[in-house]
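Trainee:
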Amino acid sequence: MSEQEITLKILLIGDSFVGKTSLLLQFIDRECPESHMATIGVEFKDKIVEINKKKVKLQVWDTSGQERYRSITKNFYRNADGVMFVCDVTKENTFGNIKNWLIDSEQNANNSNFKKILVGNKIDLIEERVIKSEQLETFSNKKNMKCFETSAKDGTNVDLVFMELAKLILKDKSDQQIKEEFCHKNRSLSVFSKGSEGESKHSQKKKGCC
Ligand SMILES: Nc1nc2c(ncn2[C@@H]2O[C@H](COP(=O)(O)OP(=O)(O)OP(=O)(O)O)[C@@H](O)[C@H]2O)c(=O)[nH]1
Ligand SMILES: [Mg+2]
Numbered sequence: 067m068s069e070q071e072i073t074l075k076i077l078l079i080g081d082s083f084v085g086k087t088s089l090l091l092q093f094i095d096r097e098c099p100e101s102h103m104a105t106i107g108v109e110f111k112d113k114i115v116e117i118n119k120k121k122v123k124l125q126v127w128d129t130s131g132q133e134r135y136r137s138i139t140k141n142f143y144r145n146a147d148g149v150m151f152v153c154d155v156t157k158e159n160t161f162g163n164i165k166n167w168l169i170d171s172e173q174n175a176n177n178s179n180f181k182k183i184l185v186g187n188k189i190d191l192i193e194e195r196v197i198k199s200e201q202l203e204t205f206s207n208k209k210n211m212k213c214f215e216t217s218a219k220d221g222t223n224v225d226l227v228f229m230e231l232a233k234l235i236l237k238d239k240s241d242q243q244i245k246e247e248f249c250h251k252n253r254s255l256s257v258f259s260k261g262s263e264g265e266s267k268h269s270q271k272k273k274g275c276c
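One gets our numbering by counting positions in the sequence shown from 1 and adding 66 to each.
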């Protein structure tokens, strides 16, 4: 399979202020914004990584945690290969709300086999932490998903969590399936927001595909 033929659509989901955009920026640009710039609607960025000697494009969709954008977010579960459910370990309610985000994802994803990962972010804020590792583990075990603790601020486990989700997705897919899904996604792309380096998703159609 040639370069970039594998594209995985990953969604970042969770309450406002938990650090979804910060995780994405730390993963792509190695930076964490100092202040909160609420995401408006949905944005995406992508990054090519290598997994099992294959080039894999991770197309990461960063959603808004604000209630008023919830109906927009729901549309983006379509064709998602994996979802990161993010909470802030210093805010109890962001962890409690993960169950609601899970319900949303199950109701709106057309790919019932999408992979899920729970992320407890902001672990650098040791003094303010209220959600313990055991709570994250118990909940994620119950929901049959892996969990990771991250700091988008200092970068702890940020690459790891994206790579683990990608590996989890790829474990279940054959090369043929990936190629067919990629072609299908390209055909059905229609609604876009800002992409990395000004790239329009329309421009991502590959030669020789479909
Ligand atoms: N200390 C610390 N602060 C963080 C971390 N991650 C994010 N922040 C801060 O938390 C605030 C909110 O981060 P965002 O990434 O904008 O949050 P978001 O989840 O994208 O929020 P919405 O776009 O409104 O849904 C910002 O001020 C970040 O600097 C972290 O791991 N540690
Ligand atoms: Mg954001």
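Note that the Cβ used here is the ideal one computed from N, Cα and C, for glycine as well.
Pick from L74, N207, V224: whose alpha carbon is nearest that of F121?
Mentor: The sequence shown places Lys at residue 121, not Phe. Comparing Cα positions, the closest option is L74.
Trainee: DSSP beta-bridge partners for L90?
Mentor: For L90, which the question treats as bridged, DSSP gives no partner whatsoever.
Trainee: So what's G221 in DSSP terms, helix, strand or just coil?
Mentor: Coil at G221, not helix or strand.
Trainee: Run through the DSSP bridge pairs and tell me what K120 is partnered with.
Mentor: Beta-bridge pairing links K120 to I117.
Trainee: Kindly examine ligand 2 and report whether one of its heavy atoms sits closer than 6 Å to the Cβ of K188.
Mentor: No, since every heavy atom of ligand 2 falls outside the 6 Å radius drawn around the Cβ of K188.
Trainee: Looking at the structure shown, is F110 part of a helix, part of a strand, or coil, going by DSSP?
Mentor: Strand, per DSSP.
Trainee: Could you tell me the boundaries of the beta strand (DSSP E) in which F151 lies?
Mentor: It spans 148 to 154 - the beta strand (DSSP E) in which F151 sits, taken as one unbroken run.
Trainee: In chain order, what residues of the same chain have a beta carbon less than 6 Å from the beta carbon of K182, not counting five sequence neighbours either side?
Mentor: Result list for K182: V149, M211, in chain order.
Trainee: Determine, using beta carbons only, whether L89 and E97 come nearer to each other than 7 Å.
Mentor: Contact: no.
Trainee: So the beta strand (DSSP E) G186 belongs to, where does it begin and stop?
Mentor: G186 -> beta strand (DSSP E) spans 181 to 187.
Trainee: In its own chain, which residues sit with a C-beta less than 7 Å from the C-beta of F228, not counting the 5 before and 5 after it?
Mentor: If we look at F228 and ignore the five residues flanking it on each side, its Cβ neighbours are F93, L124.
Trainee: Just confirm the distance between the C-beta atoms of N176 and N145, as a whole number of angstroms; I'd bet it's less than 8 Å.
Mentor: Their Cβ separation, rounded to whole angstroms, is 7 Å, which keeps N176 and N145 in contact under 8 Å.
Trainee: Under the assumption that T222 contacts I189 (Cβ atoms under 8 Å), give the Cβ distance between them as a whole number of angstroms.
Mentor: That belief holds up - the Cβ atoms of T222 and I189 are roughly 6 Å apart, short of 8 Å.
Trainee: Going by C-alpha distance, which of I76, G80, E71, I192 is nearest N166?
Mentor: Comparing Cα-Cα distances from N166 to each of I76, G80, E71, I192, the minimum goes to G80.
Trainee: Are M84 and N187 closer than 7 Å when you measure CB to CB?
Mentor: Before going further, note that residue 84 is Val rather than Met in the sequence given. The answer is yes: Cβ separation under 7 Å.
Trainee: Taking 6 Å as the cut-off, does the CB of T105 come closer than this to any heavy atom belonging to ligand 2?
Mentor: The answer is yes for T105.
Trainee: Alpha helix (DSSP H) containing K140: first to last residue?
Mentor: 136 to 141 is the span of the alpha helix (DSSP H), which, as asked, contains K140.
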